[in-house]
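**Student:**
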Amino acid sequence: MAASSSLFSTSFQGVISFQNTNLCYKEFNCKYSNFIRKQSGHSNSKYLTHSRLFPNERSSEFGQNEKFSQKNVFLCRALKIENLPSFSVGNKFQLTDVIEAQQFDRDLLSAIFEVARDMEKIEKNSPGSQILKGYLMATLFYEPSTRTRLSFESAMRRLGGEVLTTENAREFSSAAKGETLEDTIRTVEGYSDIIVMRHFESGAAKRAAATAGIPVINAGDGPGQHPTQALLDVYTIEREIGKLDGIKVALVGDLANGRTVRSLAYLLARYKDVKIYFVSPDVVKMKDDIKDYLTSRKIEWEESADLMEVASKCDVVYQTRIQRERFGERIDLYEEARGKYIVDSRVLEVMQKHAVVMHPLPRLDEITVDVDGDPRAAYFRQAKNGLYIRMALLKLLLVGW
Amino acid sequence: MAASSSLFSTSFQGVISFQNTNLCYKEFNCKYSNFIRKQSGHSNSKYLTHSRLFPNERSSEFGQNEKFSQKNVFLCRALKIENLPSFSVGNKFQLTDVIEAQQFDRDLLSAIFEVARDMEKIEKNSPGSQILKGYLMATLFYEPSTRTRLSFESAMRRLGGEVLTTENAREFSSAAKGETLEDTIRTVEGYSDIIVMRHFESGAAKRAAATAGIPVINAGDGPGQHPTQALLDVYTIEREIGKLDGIKVALVGDLANGRTVRSLAYLLARYKDVKIYFVSPDVVKMKDDIKDYLTSRKIEWEESADLMEVASKCDVVYQTRIQRERFGERIDLYEEARGKYIVDSRVLEVMQKHAVVMHPLPRLDEITVDVDGDPRAAYFRQAKNGLYIRMALLKLLLVGW
Amino acid sequence: MAASSSLFSTSFQGVISFQNTNLCYKEFNCKYSNFIRKQSGHSNSKYLTHSRLFPNERSSEFGQNEKFSQKNVFLCRALKIENLPSFSVGNKFQLTDVIEAQQFDRDLLSAIFEVARDMEKIEKNSPGSQILKGYLMATLFYEPSTRTRLSFESAMRRLGGEVLTTENAREFSSAAKGETLEDTIRTVEGYSDIIVMRHFESGAAKRAAATAGIPVINAGDGPGQHPTQALLDVYTIEREIGKLDGIKVALVGDLANGRTVRSLAYLLARYKDVKIYFVSPDVVKMKDDIKDYLTSRKIEWEESADLMEVASKCDVVYQTRIQRERFGERIDLYEEARGKYIVDSRVLEVMQKHAVVMHPLPRLDEITVDVDGDPRAAYFRQAKNGLYIRMALLKLLLVGW
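Residue numbers (our numbering), protein chains in the order written: chain G, 125 to 525; chain W, 125 to 525; chain Y, 125 to 525.
(1) Give the DSSP-derived three-state secondary structure of residue 511/W in the structure shown.
(2) If you follow the alpha helix (DSSP H) that residue 417/W is part of, which residue opens it and which one closes it?
(3) Determine the closest residue to residue 367/W out of 248/W, 376/W, 386/W and 234/W, with distance taken between C-alpha atoms.
(4) Which one of 447/G, 372/G and 409/G has the shortest CA to CA distance from residue 397/G?
(5) Do residue 292/Y and residue 268/G have their CB atoms nearer than 9 Å?
(6) Which of helix, strand or coil does DSSP assign to residue 442/W?
(7) Determine the direct distance from the alpha carbon of residue 404/G to that of residue 229/Y, and round the result to whole angstroms.
(8) Please list the terminal residues of the continuous beta strand (DSSP E) segment that includes residue 399/G.
(9) Are there 16 or more other CB atoms within 10 angstroms of the CB of residue 157/G, so buried, or fewer, so exposed?
(10) For residue 464/Y and residue 421/W, what's the separation of their Cα atoms in angstroms?
(11) Would you report the Cα separation of residue 520/W and residue 259/W, rounded to the nearest angstrom?
(12) Quick one, are the C-beta atoms of residue 309/W and residue 340/W less than 9 Å apart?
(13) I want to check one thing, is the minimum distance from the CB of residue 470/Y to the heavy atoms of the ligand PLP below 8 Å?
(14) In chain order, what residues of the same chain have a beta carbon less than 6 Å from the beta carbon of residue 395/Y, not counting five sequence neighbours either side?
(15) Can you give the beta carbon distance from residue 225/Y to residue 354/Y, rounded, assuming they're within the 8 Å contact cut?
(16) At the level of alpha carbons, what is the spacing between residue 277/Y and residue 286/G?
(17) Determine the chain G residues that contact residue 324/W at a beta-carbon separation under 8 Å, and present them in chain order.
(18) Any beta carbon from chain Y within less than 9 Å of residue 251/G's own beta carbon?
(19) With DSSP as the reference, label residue 519/G as helix, strand or coil.
(20) Where residue 272/G and residue 318/G are concerned, what is the direct C-alpha to C-alpha distance, given to the nearest angstrom?
(21) Return no unless some Cβ of chain W is closer than 9 Å to the Cβ of residue 591/Y.
(22) Return yes when the Cβ of residue 314/Y is within less than 9 Å of the Cβ of residue 451/G, no when it is not.
(23) Could you check what DSSP says for residue 223/G in three-state terms: helix, strand or coil?
(24) What residues are listed by DSSP as bridge partners for residue 276/Y?
(25) Can you tell me whether residue 506/W is helix, strand or coil according to DSSP?
(26) Three or more beta-carbon pairs under 8 Å between the segment 243-251 of chain W and the segment 411-418 of chain W, yes or no?
(27) Spell out whether any CB of chain W is found under 9 Å from the CB atom of residue 488/G.
(28) Please classify residue 490/Y: is it buried, with 16 or more other beta-carbons within 10 angstroms of its beta-carbon, or exposed?
(29) What does the Cβ neighbour count give for residue 481/Y, buried or exposed, with the cut at 16 atoms within 10 Å?
(30) Go ahead and pull the three-state DSSP assignment for residue 526/Y.
(31) For chain W, find out if any of its Cβ atoms is closer than 9 Å to the Cβ of residue 508/Y; answer yes or no.
(32) Looking only at its own chain, which residues have a Cβ that is under 7 Å from the Cβ of residue 312/G, when we skip the five neighbours before and after it?
(33) Taking residue 295/G as the query, report the chain W residues whose CB atoms sit under 7 Å from its CB, ordered along the chain.
(34) What did DSSP end up calling residue 307/G once you bin it into helix, strand or coil?
(35) Can you list, in chain order, the residues of its chain with a C-beta nearer than 7 Å to that of residue 488/Y? Leave out the 5 residues immediately preceding and following it.
(36) Would you mind sorting residue 336/Y into buried or exposed? The rule is 16 or more other CB atoms within 10 Å of its CB.
Below, the structure is given as structure tokens:
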């Protein structure tokens with residue numbers, strides 16, 4: 125329920141501004157002062173100017189980035205500015221935080237993917253590999269997620285940036301110390317230029333972003349959001365299939381609980397003529413909120429119990445893990461559910477030559493290992509794409525387009 | 125008690141030398157050989173020259189720092205050297221370790237604060253940001269303290285240095301492995317250029333410094349010392365109020381157990397015409413040792429039960445957390461104590477315009493969140509100042525003045 | 125038993141190739157495709173070329189290393205290639221992984237030691253200190269081993285490389301996530317250029333190396349192997365004594381369980397006229413497999429109960445810790461065993477002037493602390509040599525000879 129309500133909540137804070145447009149997201153919560161802080165100092169966050177009047181305002185002491193900060197604009201119903209100065213690097217969005225999949229519309233996704241492709245081409249010790257030299261990323265993990273943490277840290281380092289790591293952030297809010305998330309953020313923003321946060325509570329990333337004067341990336345907040353996973357999934361489909369409009373995607377496995385497939389369905393609805401097939405055991409079927417949303421966006425969808433038939437028609441078979449913990453003591457239901465839809469060599473046989481198998485990993489036995497050797501097994505490339513997407517986001521948040 | 129005895133112990137090893145002076149700290153324990161090792165190699169500690177006669181002596185193979193090592197001098201009753209060569213960068217102290225607040229007299233504090241101010245001005249990717257390039261700091265944490273660790277690691281990285289992290293150092297001395305602290309230090313000094321150590325035992329930092337041939341910084345050793353916190357507190361007062369002589373400071377909250385306020389009182393006694401107010405619940409009053417010390421140094425102090433009246437007179441209201449664990453099963457006493465002196469908007473109203481509220485953090489509810497927006501709320505700036513103080517100390521210990 | 129079977133197993137995968145020789149290790153398991161992947165991309169592992177046909181094949185986009193990859197050769201009975209192109213940097217071996225002590229013959233050891241000596245001479249901020257700039261090492265630790273981890277991370281950083289750390293790798297294979305080691309490796313190899321792995325299961329490193337397209341270093345896999353420890357031990361003997369042929373070595377302490385002494389005995393058998401003395405309590409005597417192996421290699425060995433007599437004759441007294449956990453509930457046997465052979469000042473007195481005391485650390489009381497001050501106490505230098513050996517291996521695996 126948390127995931128569902130979070131996925132469709134539309135109040136979020138100051139995360140995107142638009143250039144040359146006076147559109148604004150519905151209910152866009154104009155946290156102007158926070159936004160301006162991030163805009164004027166988003167990449168200059170290292171040293172606070174000690175100002176008693178504006179104790180949290182940052183100075184623009186790093187000339188290299190002033191071109192961005194001076195020309196950033198902010199359009200919102202509550203604060204409409206006409207005669208905008210032109211944006212020096214083109215008509216692009218300015219990203220200030222990455223909090224939830226809903227931030228990203230088709231144009232923004234496309235622009236980010238373009239940067240991600242550039243990231244793929246960066247060579248060791250080339251100038252590109254030093255884009256983020258001097259920048260410091262704090263990975264503030266309230267629960268361990270080694271895979272996600274290593275992906276972000278690798279992304280930062282591949283661009284020449286440095287990392288402050290903690291998988292022990294829960295210590296901040298421990299019974300003994302009991303600090304609020306907001307206080308922790310205010311402390312950590314003093315030590316770093318960007319915060320990548322993993323938290324166990326839905327909505328934590330949004331609270332962190334509202335507090336921080338530096339960019340925040342949500343690396344998963346409880347059952348809520350994991351937007352970089354959603355982005356890398358869509359990026360992978362585009363890289364593997366070559367397009368996003370008109371594709372047919374099968375979402376397989378636990379569709380009730382997986383935030384991954386829910387976010388993916390949501391983002392796919394941004395494209396034209398997409399068809400989505402839901403293939404899942406009865407106990408973990410896709411919930412109505414997503415189905416209703418797809419219908420409202422005129423996205424065709426269909427439930428099916430026949431994986432083979434669906435696989436033969438689709439461009440993408442997106443398999444997910446059935447999570448035992450969702451079944452409580454009903455191990456019998458779990459065992460029945462997990463064995464029902466396995467992607468194996470028989471599924472590969474009916475799949476089209478250009479189609480791919482994806483999986484957010486980790487994988488148990490819902491994809492058999494004999495699939496790994498097939499060129500259509502895209503899941504390890506998908507994991508690698510997470511690196512490029514995160515490189516792109518770090519670059520965009522720290523030094524702009 | 126441990127804190128008290130530690131605070132006034134005056135035997136410490138080889139931590140400061142004086143230039144152009146033949147004064148020496150009382151009971152200065154002249155660990156000459158260790159000192160010389162640190163002096164000649166303090167910033168050159170990377171590679172041991174393999175010498176069977178002096179297996180721990182370092183070579184001066186890094187030319188850039190020889191100017192410091194060649195000119196360092198060591199004066200002590202036990203080893204007085206006349207006709208000192210002049211110190212190339214001025215008549216400054218040479219720091220070899222940071223172990224306890226008592227190391228720092230007024231002149232040394234002033235000199236360190238000057239460097240800390242320089243640190244505030246260092247810009248991203250400027251030459252200053254590469255001062256410690258090639259240096260490696262090991263954070264050897266026997267208990268987690270994410271806030272302190274991140275602050276040190278940020279400081280090192282902001283100066284271009286690199287970091288080896290462990291919050292798991294207790295593993296070294298685990299039942300299975302059972303290594304002495306000294307053996308661990310001898311191993312870790314082989315891997316790094318400076319050790320930042322957090323330990324659960326009072327005196328551990330002193331033992332580490334006595335063993336190590338590279339600089340050691342005490343990042344808190346049990347109830348003993350946390351000297352960098354004391355330094356950043358005094359630095360913050362100077363930055364916020366503009367002076368240290370003649371200031372009025374209220375120390376509020378748990379004055380019996382907090383090593384922070386005890387060290388702060390001790391350092392404030394180095395300045396002239398200071399007046400200190402103690403405002404605390406009866407069960408956690410400031411102990412007599414500090415009161416006697418202040419009296420002996422002719423520092424005026426006063427106990428008060430009226431926070432409002434004190435706040436109206438002071439330059440600094442230094443609030444602290446009442447720690448539940450100090451009350452054992454007497455939760456009733458804890459609840460009574462913690463609610464007694466809260467800094468809220470009413471306290472702000474009576475405070476002078478130039479005064480500030482400080483807190484070592486983490487904060488629970490002893491300062492209400494509505495205070496945060498007031499320019500006089502200095503505690504997050506105080507946390508940030510920790511970064512500058514630690515940058516200054518790392519610079520001084522590794523490459524000198 | 126696991127250690128024993130592992131030590132003499134001779135099936136390992138693609139870890140060494142030989143130049144200008146058509147010899148091949150017995151039962152060398154020619155995993156040709158994996159080998160070729162590592163050869164053509166061993167130092168170019170950063171970015172996968174997205175190829176549907178060879179999804180794991182790396183492109184040679186980093187010109188700097190092509191000279192190695194193009195000229196690497198692979199000789200094996202199963203795949204003999206004649207008319208080899210000459211290897212541009214001389215007739216050297218190409219290392220692709222470091223999995224077990226058995227990989228290393230006399231010539232390879234000698235060549236690695238030469239590189240390690242060069243590593244000792246690298247100065248801070250010299251060109252040599254940037255050999256691995258742009259390279260990223262992942263330390264994938266399934267159990268904590270802070271000493272080993274810090275040594276590897278220091279080595280990487282001393283050469284300008286960067287590090288991704290996890291001591292929490294067991295999370296990957298946790299009950300909740302349940303990923304296979306192979307899947308974890310496929311993910312982590314996407315984030316890094318080399319993997320240093322510590323695992324609790326014998327044989328895990330071999331499995332990782334067989335999967336990874338980037339080099340893998342075994343930093344200890346359960347009771348199996350810890351090859352970098354074996355290398356640094358032999359390197360230390362050569363550094364301290366000046367030779368390896370003709371030396372007399374006493375192995376003291378727990379010889380039944382310690383993988384260290386077993387590997388050392390094995391490697392010493394590669395040299396001429398070596399004599400080995402086994403000095404251990406009855407319950408932890410050296411097992412027959414090693415004795416038989418030494419005999420088969422015509423290495424003289426002798427068991428003795430007289431540490432003093434042995435010490436007076438040896439070049440090296442290699443002491444080890446008696447591990448309590450090996451004795452179960454027989455604390456009495458443990459106490460008897462651990463007190464039996466102590467290296468103290470009396471032992472030093474009978475030792476020759478040029479001889480040394482070694483120990484793999486951590487040390488409890490099997491070497492008394494009064495020995496530490498003697499120039500013949502080589503154990504902390506030995507720990508430091510671990511740094512140089514690991515620097516050498518990282519260099520060789522990432523950029524070749």
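Here a beta-carbon is modelled for each residue, glycine too, at the ideal position from N, C-alpha and C.
**Tutor:** Let me lay it out:
(1) helix
(2) 412-420
(3) 234/W
(4) 372/G
(5) yes
(6) strand
(7) 56 Å
(8) 399-403
(9) Low confidence applies here, because residue 157/G scores a pLDDT of 44, under 50, leaving its location unreliable; read the following figure in that light. With fewer than 16 other Cβ atoms within 10 Å, it is exposed.
(10) 58 Å
(11) 13 Å
(12) yes
(13) Absence of the ligand PLP from the depicted structure is noted, as is the absence of any ligand whatsoever, leaving it without description.
(14) 368 and 369
(15) 4 Å
(16) 15 Å
(17) Residues of chain G passing the Cβ test: none, with the nearest at roughly 14 Å.
(18) no
(19) helix
(20) 16 Å
(21) The structure shown does not extend to residue 591/Y, since chain Y spans only 125 to 525, so no value can be given for it.
(22) no
(23) coil
(24) DSSP lists no partner for residue 276/Y.
(25) helix
(26) no
(27) no
(28) buried
(29) buried
(30) Shown here, chain Y extends from 125 to 525; a query on residue 526/Y therefore has no answer.
(31) yes
(32) 262, 264 and 319
(33) 268 and 270
(34) helix
(35) 445
(36) buried
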